[in-house]
Amino acid sequence: MKDVTVVIGAGGIGQAIARRISSGRHILVANHTQKSADAAAKVLENAGFETTAMQADVSDRAMILAVVAKAKAIGPIRALVQAAGVSPSQAPIEAILKVDLYGTSMLLEEFGKVMAEGGSGVVISSQSGYRMPALTAEQDALLATAPADKLLDLDFVKGVKDTLHAYQMSKRCNSLRVRGEAVKWAKRGARINSISPGIIVTPLAHDELHGERADFYQAMLKKMPAGRAGTPDEIASLAALIMGPEGGFITGSDFLIDGGATANFYYGPDAKQP
Ligand SMILES: NC(=O)c1ccc[n+]([C@@H]2O[C@H](COP(=O)([O-])OP(=O)(O)OC[C@H]3O[C@@H](n4cnc5c(N)ncnc54)[C@H](OP(=O)(O)O)[C@@H]3O)[C@@H](O)[C@H]2O)c1
């Protein structure tokens, strides 16, 4: 038996975190396309890790249960990295809500039952959650704690008006959900947190920077207080801190890492806020 890191979503951020936190562990890479899972596993094998690649859609509970079973057969699950997602320019409203909002919530429900003592998980949320139009305290509580199977039936979730709003709602839910789940994960001695990145250079960011909202994202990049986009390795450094022994007191928290984009949005020279 060997300690396992499970990474869902074999893209830029998922791979970078898996590589950074998994020395001496087996990495189980799950992705909705087998091709991407295989490609990531190969890169990780070449970097010195034992890996297993499998096909799993994060929004399919049966597939996630198969990932759980596979991981448990390899060894104790020390880490979960939820880095599977679709962005506003990549998918319609229904797919964004199903993958980013429901899929993440259901995944945390299932892994919260099987994490090893001392294990830790991270969800990749987004700065977009910080731009979500205000919700009531009751709506926030529902996003944090309603059973995953009920989330897509909530009126205010069904009422999202476009793909950007669906993404913002999903990412808001991701960041709240780790609070709700942290209480349950603690019963197993495990921790769960989220990271909300700004523009990080990956294929997903490429689609945003060149898709239907390209003007908005290009302007955000230009005005970024940090003066540049971020890299997956910078997200991995933060994840290593949160998930490792120095992060032992951190659970149920969200970490914004966006080069100052949110600060600029609310309080920069062009801010529309009062
Ligand atoms: N990059 C950014 O600027 C940025 C900013 C804020 C938040 N995020 C979040 O970071 C997370 C990771 O994105 P990334 O930037 O690393 O993008 P990425 O490189 O495109 O990775 C996303 C991965 O998720 C996989 N995936 C998509 N739908 C899936 C599903 N239903 N089930 C399982 N896997 C699925 C994709 O597979 P295929 O490629 O095979 O389709 C891809 O491997 C996302 O949740 C995204 O919202 C990214």
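Residues 16 to 289, numbered by this note's numbering, are exactly what the sequence shown covers, in order. From the three backbone atoms N, C-alpha and C, an ideal C-beta is built for every residue, glycine too. Quick caveat, the model's predicted, so the values are computed rather than measured.
Quick check: what's the CA-CA separation for residue i versus residue j?
i, j, result
"histidine 41", "alanine 99", "19 Å"
"isoleucine 215", "alanine 244", "6 Å"
"leucine 116", "lysine 186", "7 Å"
"methionine 130", "threonine 266", "14 Å"
"threonine 178", "alanine 163", "20 Å"
"alanine 201", "aspartate 72", "26 Å"
"glycine 26", "glycine 118", "16 Å"
"valine 21", "serine 120", "16 Å"
"glycine 275", "glycine 213", "8 Å"
"lysine 237", "alanine 84", "45 Å"
"serine 143", "asparagine 279", "13 Å"
"arginine 194", "threonine 160", "9 Å"
"isoleucine 207", "methionine 184", "20 Å"
"glutamate 132", "serine 268", "19 Å"
What three-state label does DSSP hand residue i in the structure shown?
i, result
"methionine 258", "helix"
"methionine 78", "helix"
"glycine 27", "helix"
"glycine 144", "helix"
"glycine 134", "coil"
"valine 58", "helix"
"serine 120", "helix"
"glutamate 109", "helix"
"leucine 179", "helix"
"alanine 161", "coil"
"phenylalanine 270", "strand"
"leucine 191", "helix"
"glutamate 227", "coil"
Would you mind working out which of the options sits nearest residue i, comparing C-alpha positions?
i, options, result
"phenylalanine 138", "Glu60, Cys188, Leu59, Lys87", "The sequence as given places valine at residue 138; phenylalanine does not occur at that position. Of the listed residues, the one whose Cα sits closest to valine 138 is Cys188."
"serine 252", "Met16, Thr20, Asp18, Ala31", "Ala31"
"arginine 192", "Leu157, Lys17, Pro218, Gln183", "Leu157"
"serine 190", "Ala205, Lys199, Ser211, Trp200", "Ser211"
"lysine 87", "Leu123, Gly63, Val19, Arg228", "Val19"
"alanine 229", "Gln105, Arg194, Ala161", "Gln105"
"isoleucine 250", "Ala197, Ile36, Met121, Phe231", "Ile36"
"arginine 34", "Arg203, Leu59, Gly275, Asp155", "Leu59"
"serine 140", "Phe280, Phe126, Ile111", "Ile111"
"glycine 90", "Thr217, Ser51, Thr66", "Thr66"
"asparagine 96", "Met78, Phe126, Glu109", "Contrary to the premise, residue 96 reads as valine rather than asparagine in this sequence. Among Met78, Phe126, Glu109, the Cα nearest to that of valine 96 belongs to Phe126."
"leucine 219", "Glu261, Pro103, Ala254", "Pro103"
When we look at the beta-carbon of residue i and count the other beta-carbons within 10 Å, is it buried (16 or more) or exposed?
i, result
"aspartate 170", "exposed"
"histidine 221", "exposed"
"threonine 277", "buried"
"tyrosine 182", "buried"
"lysine 113", "buried"
"histidine 225", "exposed"
"glutamate 196", "buried"
"threonine 151", "exposed"
"threonine 48", "exposed"
"asparagine 61", "exposed"
"tyrosine 145", "buried"
"serine 38", "exposed"
"glycine 174", "exposed"
"glycine 29", "buried"
"methionine 16", "exposed"
"alanine 273", "It should be noted that the sequence gives aspartate, not alanine, for residue 273. Classification of aspartate 273: buried, given that the 10 Å Cβ count is 16 or more."
Is any heavy atom in ligand 1 found nearer than 7 Å to the beta carbon of residue i?
i, result
"threonine 48", "yes"
"glycine 144", "no"
"proline 107", "no"
"threonine 217", "yes"
"isoleucine 83", "Note that residue 83 is valine in the sequence shown here, rather than isoleucine. No, Cβ of valine 83 sits at least 7 Å from all heavy atoms of ligand 1."
"aspartate 269", "no"
"valine 19", "no"
"aspartate 72", "yes"
"serine 51", "yes"
"isoleucine 214", "yes"
Closest Cβ-Cβ distance between residue i and chain C: below 8 Å?
i, result
"histidine 41", "Within the model displayed, chain C is absent; a lone protein chain is all it includes."
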